[in-house]
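K.L.:
Under UniProt numbering, the first residue of the sequence shown carries the number 1, and numbering increases by one thereafter.
Here it is, the structure in full.
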Amino acid sequence: MKRLLPKQTARVLRSALTDDNMGAGIQLSGVSGSGKSRLLVWIVFTFLSLGIPGLFLDPHGDAVALLRRMTLTLPRRRRKKIWFWRPADGDCTAGINPFLFREEGLSSYQRAARLRVRSELFSSIVLSDYGETEFAGRTRLRKHFSRTTTICGESRLPPAFTTLLVDTQSPLYPLLCQLAPDEMDRYQMEMIAAMRPADQEAEVGSLRNRLMSTLGHPTSDMLFSRWDNVIDFEYLYDNDITLLVDLSKLDLLTDGVQQLLANTTLLCMQSVVMSKPEHERRRRFCALDELPLFASSFPLLQTQCTEIRKFCTKYVFSHQGSARFPGRHDNEFLNTLTDMCRLHVFFRHGAGDAKFFGEQISLSNWNKKNKVKHIQRTPQQFTEGHEIVELTDHATANGDTSGTAEMGGTTNQISEALQTAADAARMSRTSGHSDARQHTQTRTDNRTHTETTTWKQTLVPKVVTRDVVTAIQFYTPEELDREDAARIREFDTREAFLLIDGLATYEIQTPKVTDPYATTPRFARRKLNEWFQRQIANRPEFSTPLEIERERQAFLERLISELQRMAYERPRGTIVAPSRLLIQPQATLILPDDAAADRQRPESQNDVAKEATDAPWEI
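As structure tokens, then:
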């Protein structure tokens with residue numbers, strides 16, 4: 001496996017960021033302190049340097065604070081298209097409206113359908129605060145939630161006013177019933193107010209408790225109390241503006257409110273991205289740190305991971321492994337993003353996650369490394385041809401013979417001859433005696449010495465001895481996975497595996513991120529923060545919390561006046577088509593002056609409520 005230095009890693013990552021065939025995007029995974037957040041900052045800053053806008057949601061705030069200083073080194077033409085938003089800022093912040101979208105060119109049918117989609121997604125975010133992912137058979141909860149969000153969208157009421165539509169004990173409730181989308185819904189809302197308290201709790205108590213616990217927090221109530229002059233995500237998309245969101249709690253946000261703001265912001269941005277036709281789509285990025293914070297958006301993200309490439313948008317998912325995912329390694333969304341993202345960076349992990357992500361590294365190199373565990377070798381002799389060799393024979397022979405022979409003897413001989421003739425007349429007789437002695441002695445001594453030398457040529461075979469492999473044992477898949485998992489556990493800070501599906505796998509050192517103003521004096525830093533505040537304050541979307549509260553109070557007063565006028569002008573005993581409530585965001589009177597308002601205002605609010613409640617339901 002090839003090792004890449006920081007500069008080489010930067011070149012590879014920069015090429016991947018500009019490649020349109022990267023699937024769902026990039027996955028960064030590692031424990032805290034492994035260098036994951038720094039690489040995420042480098043990726044976002046590289047996107048900004050290349051002129052690619054997008055959205056970055058940072059739950060901690062450190063990354064956005066660092067990026068705010070790093071963006072000062074960019075050219076002014078790029079720097080002026082970067083917005084910073086911190087919802088928990090007590091000096092200057094901006095509101096958000098999930099029901100707001102551009103209505104030009106949309107028919108009533110298209111507008112109602114788009115509003116219903118937004119309301120369904122917003123309902124999933126609210127339900128996730130209770131650990132729920134869907135309505136799961138709660139038909140009444142679904143009906144009342146859809147009705148409430150539809151009324152807010154059709155009547156241009158800010159999301160924070162949804163709590164008024166389920167508070168049946170409020171004196172405004174009978175007036176708000178006039179905003180129902182049709183007469184049947186209006187009648188049902190009026191009947192809920194006439195029920196006994198126990199029946200009311202059974203009917204709308206579940207929805208009221210969820211909305212009030214989620215939107216009842218002072219910060220969420222303030223940020224969701226505007227209809228317009230909020231962050232317009234279609235404006236950001238069309239004008240190539242990047243939004244960097246600091247979601248740090250700062251002892252002002254609860255976990256539920258932080259999750260609500262994070263998921264609502266993601267919902268607004270991705271709804272704009274997915275609604276664009278093909279000829280209007282532009283290259284964008286969406287970076288999410290601490291991915292489990294967006295659990296309520298997992299169904300939306302899981303669907304988008306399979307098709308977001310067609311909308312020219314790249315996700316950058318950053319998480320700490322499977323620790324905060326429900327079901328850990330069996331989590332459906334975790335497996336989906338691991339499959340759909342083409343570029344993965346795996347930093348240091350614990351034992352469980354190291355085995356899970358180490359399997360991805362092993363599979364990527366499976367056809368390239370059949371690692372041998374043991375080789376058995378046996379020595380054998382082989383003949384490699386012949387060679388002519390001249391032989392020399394040397395022979396030496398020595399002989400020594402010595403011997404002695406001795407012989408002695410005595411011979412006695414007596415002879416007697418008798419001759420008888422036939423002739424009796426003639427007879428002769430001969431007698432003789434001899435004696436002889438002999439003695440012989442012989443000695444022999446013989447020595448020989450012989451030397452011979454012989455030269456000759458012959459063919460001699462060439463014999464070599466080699467170790468022959470008789471058996472090979474390979475590592476099993478489980479052992480290979482454990483090897484990569486062990487390497488993941490041993491990574492130091494800024495060391496990681498870089499996996500590009502279908503291309504290569506590298507062991508890398510991530511690029512170093514430096515703060516260009518780390519040594520800025522305290523005075524200069526204070527001046528820099530004041531300059532940032534002035535840049536933000538010039539936008540109409542950003543205001544102080546006090547100004548937003550004043551606008552909310554003025555809007556509520558105009559709303560009451562408009563509702564009273566509608567109740568006064570509504571004919572008794574007849575059903576009329578509900579009129580759409582249009583309240584201008586500017587501080588203008590609906591009636592020409594206060595005197596005219598007094599002439600058209602009914603005598604008392606209770607009379608108006610009684611008149612609206614007692615009206616017969618006739619067709």
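Just so it is clear, CB atoms sit at the ideal spot from N, CA and C, and this is done for glycine as well.
1) For V468, collect the residues of the same chain with a Cβ closer than 7 Å to its Cβ; drop the 5 residues on either side in sequence, then sort them by chain order.
2) Drop a sphere of 10 angstroms on the beta-carbon of W42, count the other beta-carbons inside from all chains shown, and report buried for 16 or more, exposed for fewer.
3) For A595, which of helix, strand or coil comes out of DSSP?
4) Comparing alpha-carbon positions, which option in D238, S206, S248 and Q258 lies nearest D221?
5) By the three-class DSSP mapping on this structure, what secondary structure does R342 have?
6) Report all residues from its chain with a CB closer than 7 Å to the CB of R580; omit the five preceding and five following residues, and keep chain order.
7) Under three-state DSSP, which class holds residue 659?
8) Return the CA-CA distance between A518 and P511, expressed in angstroms with no decimal places.
9) Contact check, F224 vs P159 under 8 Å by CB: the rounded distance?
10) Determine the contact status of V463 and E387, defining contact as a CB-CB distance below 7 Å.
11) Which runs of the beta strand (DSSP E), 3 residues or longer, sit entirely within the region 25-73?
12) Please check the pair L267 and P98, which I expect to be a contact at CB under 8 Å, by giving their CB distance rounded to whole angstroms.
13) I'd like the ranges of any beta strand (DSSP E) spanning at least 3 consecutive residues and lying wholly in the region 231-276.
14) Check for me: the alpha helix (DSSP H) holding V12 runs from which residue to which?
15) In whole angstroms, give me the CA-to-CA distance for P59 and S248.
16) To the nearest angstrom, how far is the alpha carbon of V12 from that of A287?
17) Near L165, what residues of its chain come up, given a Cβ to Cβ distance below 7 Å and the 5 sequence neighbours on each side ignored?
18) Taking 7 Å as the threshold (C-beta atoms), are I192 and T168 in contact?
19) The alpha helix (DSSP H) that contains A198, what's its start and end?
20) Leaving aside the five residues before and after V272 along the sequence, list all residues of the same chain whose C-beta is less than 6 Å from its C-beta, in chain order.
21) From the DSSP output, which residues share a beta bridge with residue 620?
22) Specify the secondary structure class of I472 as computed by DSSP and reduced to three states.
23) Measure the C-alpha to C-alpha separation of R114 and L39 and round it to an integer number of angstroms.
24) Taking DSSP's pairing of strands, which residues face M407 in a bridge?
25) Using DSSP with H/G/I as helix, E/B as strand and the rest coil, what is D515?
26) Closer than 8 Å by C-beta to Q457: which residues in its own chain qualify, once you throw out the five before and the five after it? Chain order, please.
27) Kindly indicate the opening and closing residues of the beta strand (DSSP E) around T505.
28) CB L253 to CB T219, shorter than 7 Å?
29) Does the beta-carbon of H449 have 16 or more other beta-carbons within 10 angstroms, so that it is buried, or is it exposed?
30) With DSSP run on the structure shown, which of helix, strand or coil describes A94?
31) With distances taken from CA atoms, which of H439, G256, V64 and M212 is nearest L293?
32) Identify every residue that forms a DSSP beta bridge with H386.
P.N.:
Taking the definition as stated:
1) Along the sequence shown, read from residue 1 onward, the residue named residue 468 stands at position 468. R377, T378 and Q380.
2) Position 42 of the sequence shown holds residue 42. Its Cβ being crowded by 16 or more others within 10 Å, W42 is buried.
3) Numbered from its first residue, the sequence shown carries residue 595 at position 595. Its pLDDT being 45, under 50, A595 is placed unreliably in this model, and the coordinates cannot settle the point.
4) Within the sequence shown, residue 221 is the residue found at index 221, counting from 1. Residue Q258 is the option with its Cα nearest to D221.
5) Along the sequence shown, read from residue 1 onward, the residue named residue 342 stands at position 342. Of the three classes helix, strand and coil, the one that applies to R342 here is coil, per DSSP.
6) As a first step, residue 580 is located in the sequence shown; it is residue number 580 there, counting from the start. In this predicted model, R580 has a pLDDT of only 49, less than 50, meaning its place in the structure is not dependable; the value taken from the coordinates is given anyway. If we look at R580 and ignore the five residues flanking it on each side, its Cβ neighbours are E154 and S155.
7) Look at the range of the chain in this structure, 1 to 619, and you will see that residue 659 is not part of it.
8) For the purposes of this step, residue 518 is taken as residue 518 along the sequence shown, with counting starting at 1. For the purposes of this step, residue 511 is taken as residue 511 along the sequence shown, with counting starting at 1. One C-alpha to the other measures close to 18 Å.
9) Translated into positions along the sequence shown, residue 224 becomes position 224. Translated into positions along the sequence shown, residue 159 becomes position 159. Yes, they are in contact, since the Cβ atoms of F224 and P159 sit about 4 Å apart, within 8 Å.
10) As a first step, residue 463 must be located in the sequence shown, where it is residue number 463. As a first step, residue 387 must be located in the sequence shown, where it is residue number 387. Cβ distance not < 7 Å, so V463 and E387 don't count as in contact.
11) 25-29 and 54-58
12) What you label residue 267 is simply residue 267 of the sequence shown in a count that begins at 1. What you label residue 98 is simply residue 98 of the sequence shown in a count that begins at 1. With 8 Å as the limit, L267 and P98 qualify as a contact, their Cβ atoms being about 6 Å apart.
13) 242-246
14) Locating residue 12 in the sequence shown gives position 12, where the first residue counts as 1. Unbroken alpha helix (DSSP H) run through V12: P6 to L17.
15) Reading the sequence shown from its first residue, position 59 is the one you call residue 59. Reading the sequence shown from its first residue, position 248 is the one you call residue 248. C-alpha separation (whole angstroms): 5 Å.
16) To locate residue 12, count along the sequence shown from 1; it is residue 12. To locate residue 287, count along the sequence shown from 1; it is residue 287. So the two alpha carbons sit approximately 19 Å from each other.
17) Along the sequence shown, one-based indexing puts residue 165 at 165. The answer, listed in chain order, is T148, I151 and L176.
18) Residue mapping note: residue 168 aligns to position 168 of the sequence shown, counting from 1. Residue mapping note: residue 192 aligns to position 192 of the sequence shown, counting from 1. For T168 and I192, yes; Cβs fall inside 7 Å.
19) Locating residue 198 in the sequence shown gives position 198, where the first residue counts as 1. Here the alpha helix (DSSP H) through A198 covers P197 to L215.
20) As a working note, residue 272 is residue 272 in the sequence shown. Within the same chain, V272 has close Cβ partners F233, E234 and Y237.
21) Residue 620 lies beyond the stretch modelled for the chain, which goes from 1 to 619, so this question has no answer here.
22) Taking the first residue of the sequence shown as 1, we reach residue 472 at position 472. Reduced to three states, the DSSP call for I472 is strand.
23) On the sequence shown, residue 114 is found 114 positions in, with the first residue counted as 1. On the sequence shown, residue 39 is found 39 positions in, with the first residue counted as 1. Those two C-alpha atoms are separated by around 37 Å.
24) In the sequence shown, counting from the first residue as 1, residue 407 sits at position 407. Paired residues: T440.
25) For this step, residue 515 is matched to residue 515 along the sequence shown. In the structure shown, D515 sits in coil (DSSP, three-state: anything other than H, G, I, E or B).
26) The residue labelled residue 457 in the question sits at position 457 within the sequence shown. Excluding sequence neighbours, Q457 sits near I388, V389, E390 and L391.
27) On the sequence shown, residue 505 is found 505 positions in, with the first residue counted as 1. Residues A504 to Q509.
28) Residue numbering aside, residue 253 sits at position 253 when the sequence shown is read from its first letter. Residue numbering aside, residue 219 sits at position 219 when the sequence shown is read from its first letter. Contact flag set, yes.
29) Along the sequence shown, one-based indexing puts residue 449 at 449. Exposed, by the Cβ-count rule.
30) Translated into the one-based positions of the sequence shown, residue 94 becomes position 94. Three-state result, A94: strand.
31) As a first step, residue 293 is located in the sequence shown; it is residue number 293 there, counting from the start. Considering only alpha carbons, the answer is G256.
32) For the purposes of this step, residue 386 is taken as residue 386 along the sequence shown, with counting starting at 1. H386 is bridged to P461.
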